[in-house]
Every structure is written in structure tokens, then in C-alpha cells.
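*Asks:*
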Amino acid sequence: MRALTLCLACLPLAALADDIPLTSRVSAVTLYPQGASVIREVPFAVPAGAHDLILADLPEGTPLAAIRVTLDGARMGGVSTRSDYVPPRPETESAAYTAAKAEVERLQDALRDARASVADIRLEAEAARARVAFLEGIGQGEGLAALGPDALRDLAMMIGAETLAARRESAGAIRRAEAAERELQDLMQKLARAEQALRALVPETQARAMLAVSITAETAAEGTLRVTYTIPDAGWQPLYDLHLARDTGAVRIERGAFVHQHTGENWRDVVLTLSTRRPSEQGAPGEIWPWIPRLVDPDEITPMPRMKAEGSAMQAAPVLEAAADMARPEFDGLAISYAYPAPVNVATGADRVRLMLPALEAMAEIEARAVPLLDETAFLMARVAIPAEEVLLPTQEARFYLDGRYTGQRWLPLVAGGDAADLAFGPIEGLRLSRVVRNRSEGDRGLITRASEAREEVEIAVENLTGETWKLHLIDRVPVSEQTDLRITWDAAPPPDGKDVEDRRGIIGWHLELPPGARRAITLNTRMSWPEGKVLH
Numbered sequence: 052m053r054a055l056t057l058c059l060a061c062l063p064l065a066a067l068a069d070d071i072p073l074t075s076r077v078s079a080v081t082l083y084p085q086g087a088s089v090i091r092e093v094p095f096a097v098p099a100g101a102h103d104l105i106l107a108d109l110p111e112g113t114p115l116a117a118i119r120v121t122l123d124g125a126r127m128g129g130v131s132t133r134s135d136y137v138p139p140r141p142e143t144e145s146a147a148y149t150a151a152k153a154e155v156e157r158l159q160d161a162l163r164d165a166r167a168s169v170a171d172i173r174l175e176a177e178a179a180r181a182r183v184a185f186l187e188g189i190g191q192g193e194g195l196a197a198l199g200p201d202a203l204r205d206l207a208m209m210i211g212a213e214t215l216a217a218r219r220e221s222a223g224a225i226r227r228a229e230a231a232e233r234e235l236q237d238l239m240q241k242l243a244r245a246e247q248a249l250r251a252l253v254p255e256t257q258a259r260a261m262l263a264v265s266i267t268a269e270t271a272a273e274g275t276l277r278v279t280y281t282i283p284d285a286g287w288q289p290l291y292d293l294h295l296a297r298d299t300g301a302v303r304i305e306r307g308a309f310v311h312q313h314t315g316e317n318w319r320d321v322v323l324t325l326s327t328r329r330p331s332e333q334g335a336p337g338e339i340w341p342w343i344p345r346l347v348d349p350d351e352i353t354p355m356p357r358m359k360a361e362g363s364a365m366q367a368a369p370v371l372e373a374a375a376d377m378a379r380p381e382f383d384g385l386a387i388s389y390a391y392p393a394p395v396n397v398a399t400g401a402d403r404v405r406l407m408l409p410a411l412e413a414m415a416e417i418e419a420r421a422v423p424l425l426d427e428t429a430f431l432m433a434r435v436a437i438p439a440e441e442v443l444l445p446t447q448e449a450r451f452y453l454d455g456r457y458t459g460q461r462w463l464p465l466v467a468g469g470d471a472a473d474l475a476f477g478p479i480e481g482l483r484l485s486r487v488v489r490n491r492s493e494g495d496r497g498l499i500t501r502a503s504e505a506r507e508e509v510e511i512a513v514e515n516l517t518g519e520t521w522k523l524h525l526i527d528r529v530p531v532s533e534q535t536d537l538r539i540t541w542d543a544a545p546p547p548d549g550k551d552v553e554d555r556r557g558i559i560g561w562h563l564e565l566p567p568g569a570r571r572a573i574t575l576n577t578r579m580s581w582p583e584g585k586v587l588h
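The opening residue of the sequence shown carries number 52 in our numbering; numbering runs sequentially from there.
(1) Looking at the strands, I want to know which residues DSSP matches up with serine 326.
(2) Taking the alpha carbon of lysine 522 as the reference point, which residue from Leu444, Glu564, Ser503 has its own alpha carbon closest?
(3) If you follow the beta strand (DSSP E) that alanine 569 is in, where does it begin and where does it stop?
(4) Among Glu418, Glu220, Val264, Ala161, which has the Cα closest to the Cα of glutamate 234?
(5) Where DSSP assigns a beta bridge to glutamine 447, which residues make up the other side?
(6) Would the region 559 to 578 and the region 514 to 521 be scored as touching if the rule is three or more Cβ pairs under 8 Å?
(7) Which one of Val93, Asp237, Gly286, Ala224 has the shortest CA to CA distance from leucine 82?
(8) Could you say which of Ser131, Glu156, Val120 lies nearest to leucine 242 if we only look at CA atoms?
(9) What residue range is occupied by the uninterrupted beta strand (DSSP E) comprising lysine 288?
(10) Could you pull the DSSP bridge partners for threonine 267 from this structure?
(11) Please classify serine 485 as buried or exposed, where buried requires at least 16 other C-beta atoms within 10 Å of its C-beta.
(12) Return yes when the Cβ of glutamate 583 is within less than 8 Å of the Cβ of serine 532, no when it is not.
(13) From serine 78 to proline 94, what distance separates their C-alpha atoms?
(14) Just checking, does the region 433 to 453 make contact with the region 536 to 549 on the three C-beta pairs under 8 Å criterion?
(15) If you draw a straight line from the alpha carbon of arginine 450 to that of aspartate 554, how long is it in whole angstroms?
(16) Can at least three beta-carbon pairs, one atom from the region 258 to 275 and one from the region 286 to 303, be found at a separation below 8 Å?
(17) Alpha carbon to alpha carbon, how far is valine 395 from alanine 87?
(18) In whole angstroms, give me the CA-to-CA distance for valine 120 and glutamine 460.
(19) Since aspartate 542 sits in a beta bridge, which residues does DSSP pair it with?
(20) Hey, how far is the Cα of alanine 167 from the Cα of glutamate 246?
(21) Check each candidate in Ser388, Thr314, Trp342 and name the one with the smallest Cα separation from threonine 327.
(22) Check whether the Cβ atoms of alanine 217 and alanine 179 lie closer than 8 Å to each other.
(23) Tell me whether the beta-carbon of proline 289 lies closer than 8 Å to the beta-carbon of arginine 303.
(24) To which residues of the same chain is glutamine 366 closer than 6 Å at the C-beta, ignoring the five residues directly before and after it?
(25) Hey, how far is the Cα of valine 422 from the Cα of alanine 413?
(26) Could you tell me which of Leu444, Glu338, Gly481 sits nearest to leucine 463, measuring between CA atoms?
(27) Give me the residue from Ala471, Arg556, Leu106, Ala125 with the minimum Cα distance to serine 131.
(28) State the start and end residues of the unbroken beta strand (DSSP E) segment that holds tyrosine 457.
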């Protein structure tokens, strides 16, 4: 009897066990330069008993093996997943998508009508030119000699009046055609913007994966289910507008971020954080193995293959600007993160949303840098110290402005916090450089006849054609020997004030102050010698 009572007591609990489908949404995303950590949240309410919470709306490419699930309000049991459970969702058009599609179609029709109108106006101009040609042909007819003076006068007046009218019609038609073509360009730009907006609203049609979470509740309960996973198909790219004021040396670095994702679902009203962490790159120190040198016979030596470095390039994409809210930086001693204050929408594969980050203010040391070996002019450089709690990430989206004028877009390398960045703001056309080889001898060519010596005499010059004084850092190089048999000596007049500049062997430099109209010349002599029977290359 007691056993039967226990079985009956269990029946209500078993009867309440069921599958509860839930609709989840991406609530928060932490974006890395490559990859993202995604948090999905969904509230639930269940009666007492054992249940399976079913999430059938995960993107098909979700890394199910890496999913982590937490919940509050109930006791969690097992978690099961399937990547082929849910068929593609039917394509549904929202009101915004329908309106955007209708706007694209309206502009396409207007563009076709405008092009037809331009063609009609061009036809009017051609017809007027044909009338002029016809009238000119009448004036050259062979039967004119038989006409009397009055008839000739009337004919000439008619030809003149008609020709004038036809030319006026042709000129007017050309002006109207040009105005219509300008309106045509405006229509094309509006159509391009409308098509971009439509792409951002394209309905999701990709298949979905399933997640089932078993829970048990002693009584009716409410709670929140959270699903966390990391994906590779998202990220952010920094962009910088670097402004330098020459008169004060002030540098303002306006920062932003291009955000992109290709997850198969649209992110709507998500809490977005941008992080400088790079979990997709090396995360552990390298390991050193024992170094065991050994002696071998010369014929046992085989050349080592050279490893070729590989690189990657970022591609540009259409830009959809977000509101100009500013993200807040946070520094934990390892990386910087920017918590964006307003919810963000990012459509899958369609948007490259631009977000604004706080600007950096700093003072720069300004100088002209001259490399006569490679360049014909000097370049304006600004050395800027980056605060310890900040970092400039590598990007090709760096645009430079000098006194408000755009000077170009260049690659910006990684600059860690506490380091100094050397930023180039374009050429100084008035600082002209030259590097002339005055004398070169090698082997039996030139003054030296021995085949074991080479000499070179170079004159380096810089001339200031501007109306101001410049602080100039001139850089050149001398050869460096890594063999005891190859002896290298050199001298310069005046001698350089820097050797192994920036820890690069053989790089030498002079710091000069160049008044307006001044010219400075440097003589650099190099001598290399080696044993007879050897070849220099």
C-alpha cells in the first residue's frame, strides 16, 4: 500500500513535465578585433515539475560544443543540442522592410523616367542641329543665281531667322539636358542610400540550431535562462582621425570603431562592449627547446629552408553611421574595453556600423624628418606619448590632418600604452633633399686597382626653401659587417650625433636647425676591405 501511495504521489509531477519553447534574443555582445562573446537571455515561467526549456532560434553556425548555460529560478539538469533541428524560417517582411523596398522601387522608376527625359531632350537638340544643317544647305543651292534681288533677300532673311531659332532651340535643349543630368546624379545617390538601407533590413532566412535545457522546479517558478558562447564571425576595426595643430603642437586623436558580424541573425538593441583583447591570437608564451650544437663534416651541411611570412589585409565595406553616443573606456591592467552607452543594432552581413570612442588629447614634439637615400623631400613628424591606460590598435583606417587639412590615409601600427608614436603628417615640399655619389671605386673600376677594397664618397644635402626655421632629423646609413674578414670604416663631416638610431644597426642621424634659405651639406665616406680571393656582394 505504501509503495502504491508513493507511485500515485508521483503522478501529478510527471503529468506536469513538458517541453516549453522559448524565444531568445542576443542581449549583450563583447566584440574583439576578431571574434565575439555573445550572451542570449530569455525569461521563463514554469509550473512545478520537470521540464525541457527549448531554444530553437540559435544561429545555425553557433558553436554548440562551446555553449555555457546558466539559469536562476530552477534547478538545471542536462543540456542537449542539435545543429540540424530547425528548418529555415520563412521569409517575412516587416513594415520597415516593405517601406524600404517600396522606396527603392520608386527611386528606380524615377531614375528610369529621368534617363528617358534626358534622352528626349537630347533628341530635341539633335533635331535643332539638323534644321540648321538643312538651312545651310538651302543657302548653298545651285538655283539661287536665277532668283531676283527681292527673292534672294527674302530667302536670306528666312534662312537667318530660322537658323537663329534652331540654334536657340539647340542651346536651350542642351542646357535642359545638363540640368536633367545633374538631377539624375542626385537620384542615383538617393537610390544608392535606399538600397543600402534595404540591405540592412533584409529578413533572416538561415536555418537555426536547437538547445534543450532540462530543469526541475519544486513549485511554480520564474527565472532567466542565459546562454553564452564565442563566435569567430564578428569583430571590430578601429579607425582614427589624427589632427595636429602645428602652432601649439596639440594632437587630437578622434577614435571610432567599425563593427561587423556575420552570424546569420540580426542583433537588435544589444548591450555592446568593444574589447582590445585578442583571444583568437597567441595566448601563451612560446616554449624554448634545448640548444644542442654539434660538429659535422662540410659535405653534411644542407641549407635551411627560409620561412616566408604571411600577412592579411582588411577590406573596406559600406558604412552605416550610428548615433554619436560615446563609449566609455575601462582598463583592467590587461586590456581596454569600451562599453557603449546606447543599445546598438547590427544586421548580419549588411552593416558596418560606425561607433564613436572617446578622443585622446596629447602634446607632440614636432620635427622634420629627412631620408635622402629614399626621398626627395622631408616629412613632418610628430612624436606623441600614449597614456599608459590607452592603446592604439593597428589599422589601415587612420586619416591624418595637419591644421585641418587632410594629408592622407596610412597604416597605423600597434602602439602600446606608455609608448611614443611617431606620426607622419605629410611631405614638406620646401625642404629639398639630395644624395649624390661623388666618387665610387670597387676592384679594378676607378682609382683603386686592388680587387679587395671598395670606397664610396657621398654628399648629402638639404635645402630650406620655406620661410621658416625647421628642426630637422636627417637619417642615412653605413654598411655593417658581421664577418671578421670584412673590415668596414667610415667617417662623416660633420659627424652624426646619433648611431644605431632606433636600435637599427648602421643607421646614423644628424639633428639640425635649418633657417629659411639655408643649405646644409654632409660628406659621408665609406671604405670596405676583405682578403684576396673573396667576393663582396
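For every residue, glycine included, the Cβ atom is placed at its ideal position computed from N, Cα and C.
*Replies:* The short version:
(1) Beta-bridge pairing links serine 326 to Ser388.
(2) Glu564
(3) Per DSSP, alanine 569 belongs to no beta strand (DSSP E) and is neither H nor E.
(4) Ala161
(5) Answer by DSSP bridge pairing: none, since glutamine 447 is not bridged.
(6) yes
(7) Gly286
(8) For the residues Ser131, Glu156, Val120, the minimum Cα distance to leucine 242 belongs to Glu156.
(9) Per the sequence shown, residue 288 should be read as glutamine rather than lysine. From DSSP, the beta strand (DSSP E) with glutamine 288 extends over 285 to 295.
(10) Answer is Ala101, Arg126.
(11) exposed
(12) No.
(13) 12 Å
(14) no
(15) 28 Å
(16) no
(17) 15 Å
(18) Distance between the alpha carbons of valine 120 and glutamine 460: 45 Å.
(19) Asn576
(20) 22 Å
(21) Ser388
(22) The Cβ atoms of alanine 217 and alanine 179 lie closer than 8 Å to each other.
(23) no
(24) Unreliable positioning characterises glutamine 366 in this predicted model, as indicated by a pLDDT of 36, which lies under 50. A coordinate reading is not provided.
(25) 27 Å
(26) Leu444
(27) Leu106
(28) 456 to 463
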